[in-house]
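Contents: one structure, followed by commentary.
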Amino acid sequence: MNDIKDKRVLVVGMGRSGEAAARALHDGGARVAVQDSKTEDEMSPQLLSFLKSAGCDLYLGRTPDDMTQFDMLVLSPGVPPSLDFIRQAAGAGVEITGELEMAYRLGRGKYIAITGTNGKTTTTSLVGEIFAEAVSSSFVVGNIGVAVITKAVEASDDSVLVTECSSFQLETVSTFRPEVSAILNLTPDHLNRHGDMAGYGRAKANIFMNQTEDQYCVLNYDDKLCFALGDDARARIVPFSRLEELEFGAFVKDGRIVIRNEEGELISFCRTDELKIPGSHNLENALAACAIAYFAGVDPEIITRVLTEFAGVEHRIEFCGEYDGVRYINDSKGTNPDAAIKAIEAMKENIILIAGGYDKGSSYEEFVAAFEGRVKALVLLGVTAPKIRDTALAAGFSNIYMCSDMAECVSKSHEIAQPGDVVLLSPACASWDMYSSFEERGRDFKECAAKLGR
């Protein structure tokens, strides 16, 4: 960590990754200052105690007057680089970077990096399970909930860091170079931050910008917008397809997941009906995970075993109980319309859908169109509730209930549900208007549902 010793670093945003970055930079000898929109009274007492004992300059509830005093700004993922004081620092020649980039510079280990609009958490978890079986030291980190830098500084040169990367994290990388990268899909999301799909795609494409010809980039062949990003990659493109047989890459043949490798050899893994995770989108996630692991050098037998054992992740089409003949499914990770559509399509029963939340600038026409033949009632909460309601009404869907919080949503869903129905929380929106994270929202839903059985 000697390359940051005595550097003047401002860590912007004191969430999970910001706190981890501040601790690692301090341990590496940097002169750390922190900035957050929260005031000192609003900060965690434990975090505040650490920052003060470490001698950090604190800019809480305010921004520094002089940005030229810093050599580097390390931004937390939720902090837009477009903020005035950050642009001022960049204009003065201060380096602007993020926690993922600092983890890569300061830590050790080999990176497997996974991004995409949807399926990141499931695919990262599945790949993480594969590497846990295949190597002696591996970590699952990143947007999945574990700050990369906390494990990167513990890692050995042979460790593998399976890393879920958001577009926000990838905005600020400059030297980050994974051994294998993957972009699972590309649909509208975070347009309030990236401006348009071109800007969003550019952020995602940063995942492979430093890869070399002897490294691999796994891309969704069926998603033409996603696959086109690979035109700018130097890495070897590995396509995966749920719909077509490929000359090279991962695909489905005779009901089995297979890979055709660089020698033209066909390697068979498992039957698609052996997967425990439901839905066509999860078949895509399994194909991507299979390609990532195989081209990273993992034994096909290990890949096959984990593929058939993996049962999914919390908050993604998670069964959380059956009460009075009604199943309750937590898909709080469905934070955009496309993710929620995939959850709706994975259900076979009549659905009472709980949706709504923070407004990321999404439109909901395709989301509402997916209701036909599946969704019987729509229960809404959050900032986007009126927007989704109006879209649904314009499309001729009128069985809508407006609620103030999750408890009311679950209570109303229970009231109108019939045996054989499914109550599905798949919000199509982020959680930040009412919760600190989609995990907190999912836990609230599960707790409200669990009370029905008491």
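For what it's worth, our numbering labels the leading residue of the sequence shown as -14, then goes sequentially. By construction, the Cβ of each residue, glycine as well, lies at the ideal position given by its N, Cα and C atoms.
Run through the DSSP bridge pairs and tell me what residue i is partnered with.
{"i": "C202", "result": "S166 and I222"}
{"i": "L410", "result": "N315 and I339"}
{"i": "V158", "result": "Paired residue(s): none; V158 is not in a bridge."}
{"i": "T376", "result": "According to DSSP, which records beta bridges pairwise, T376 is partnered with nothing at all."}
{"i": "V79", "result": "Looking at the DSSP assignment, V79 forms no beta bridge with any residue, so it has no partner."}
{"i": "G234", "result": "R245"}
{"i": "E149", "result": "I99 and G127"}
{"i": "S141", "result": "S141 pairs with nothing; no bridge assigned."}
{"i": "F193", "result": "According to DSSP, which records beta bridges pairwise, F193 is partnered with nothing at all."}
{"i": "V277", "result": "Note that residue 277 is Ile in the sequence shown, not Val. Bridge partners of I277: none, in fact."}
{"i": "M387", "result": "L365"}
{"i": "D262", "result": "Reading off the sequence shown, one finds Ile at residue 262, where the question assumed Asp. Note: I262 sits in no beta bridge, so no partner."}
{"i": "R256", "result": "R241"}
{"i": "A415", "result": "Y343"}
{"i": "E303", "result": "N315"}
{"i": "R(-7)", "result": "R16"}
{"i": "Y185", "result": "According to DSSP, which records beta bridges pairwise, Y185 is partnered with nothing at all."}
{"i": "V360", "result": "I336"}
{"i": "L251", "result": "R245"}
{"i": "Y308", "result": "V311"}
Expressed to the nearest angstrom, what Euclidean distance is found between the alpha-carbon atoms of residue i and residue j?
{"i": "M(-14)", "j": "A6", "result": "Residue confidence for M(-14) is low, a pLDDT of 45 falling below 50, so the modelled location carries little weight; the figure read from the coordinates is stated next. Approximately 13 Å between the Cα atoms of the pair."}
{"i": "D42", "j": "A18", "result": "4 Å"}
{"i": "E303", "j": "V243", "result": "27 Å"}
{"i": "L204", "j": "A213", "result": "9 Å"}
{"i": "A392", "j": "K372", "result": "21 Å"}
{"i": "S34", "j": "S2", "result": "18 Å"}
{"i": "C202", "j": "R162", "result": "11 Å"}
{"i": "L228", "j": "D208", "result": "11 Å"}
{"i": "T293", "j": "S123", "result": "20 Å"}
{"i": "N128", "j": "C150", "result": "6 Å"}
{"i": "V(-3)", "j": "N267", "result": "36 Å"}
{"i": "D12", "j": "G215", "result": "38 Å"}
{"i": "E114", "j": "A379", "result": "44 Å"}
{"i": "E25", "j": "A39", "result": "16 Å"}
{"i": "C414", "j": "E400", "result": "24 Å"}
{"i": "D217", "j": "F116", "result": "28 Å"}
{"i": "E275", "j": "S398", "result": "Reading off the sequence shown, one finds Cys at residue 275, where the question assumed Glu. One C-alpha to the other measures close to 38 Å."}
{"i": "D21", "j": "K37", "result": "15 Å"}
{"i": "R72", "j": "P66", "result": "7 Å"}
{"i": "I222", "j": "T135", "result": "30 Å"}
{"i": "V59", "j": "M52", "result": "13 Å"}
{"i": "L251", "j": "S226", "result": "15 Å"}
{"i": "F282", "j": "A119", "result": "Going by the sequence as given, residue 282 is Gly instead of Phe. C-alpha separation (whole angstroms): 9 Å."}
{"i": "K333", "j": "D406", "result": "9 Å"}
{"i": "K95", "j": "Y89", "result": "9 Å"}
{"i": "I287", "j": "I99", "result": "20 Å"}
Taking 8 Å as the cut-off, decide whether the C-beta atoms of residue i and residue j are in contact.
{"i": "L508", "j": "Y206", "result": "Summary: the structure shown does not reach residue 508, with the chain confined to residues -14 through 439, and so no result is reported for it."}
{"i": "T157", "j": "E269", "result": "no"}
{"i": "K189", "j": "S159", "result": "no"}
{"i": "R(-7)", "j": "D50", "result": "no"}
{"i": "A140", "j": "R93", "result": "yes"}
{"i": "G83", "j": "P62", "result": "yes"}
{"i": "F233", "j": "R245", "result": "yes"}
{"i": "A370", "j": "V395", "result": "no"}
{"i": "P322", "j": "E351", "result": "yes"}
{"i": "L363", "j": "I329", "result": "no"}
{"i": "A325", "j": "L365", "result": "no"}
{"i": "Y349", "j": "T376", "result": "yes"}
{"i": "E425", "j": "S411", "result": "no"}
{"i": "V145", "j": "I97", "result": "yes"}
{"i": "A273", "j": "L169", "result": "yes"}
{"i": "R8", "j": "D(-9)", "result": "no"}
{"i": "V298", "j": "S110", "result": "yes"}
{"i": "D309", "j": "P404", "result": "yes"}
{"i": "G438", "j": "G306", "result": "yes"}
{"i": "L45", "j": "E4", "result": "no"}
Measure the beta-carbon distance from residue i to residue j and round it to whole angstroms, keeping in mind my assumption that it falls under 8 Å.
{"i": "R301", "j": "T148", "result": "Rounded, the Cβ-Cβ distance is 18 Å, inconsistent with contact."}
{"i": "N335", "j": "F430", "result": "Actually they are not in contact, since the Cβ atoms of N335 and F430 sit about 19 Å apart, beyond 8 Å."}
{"i": "G264", "j": "K327", "result": "6 Å"}
{"i": "V237", "j": "Q200", "result": "Not a contact, Cβ separation roughly 26 Å."}
{"i": "V368", "j": "G342", "result": "7 Å"}
{"i": "E198", "j": "R219", "result": "6 Å"}
Using 8 Å as the limit for Cβ to Cβ distance, is residue i near chain D?
{"i": "S67", "result": "Included in the structure is just one protein chain, with no chain D present."}
- [ ] Taking only runs that begin and end inside the stretch 91 to 127, name each unbroken alpha helix (DSSP H) of 4 or more residues, in chain order.
- [x] 105 to 119
Task: Entirely enclosed alpha helix (DSSP H) segments - the stretch 6 to 66, minimum 4 residues - done: 30 to 38
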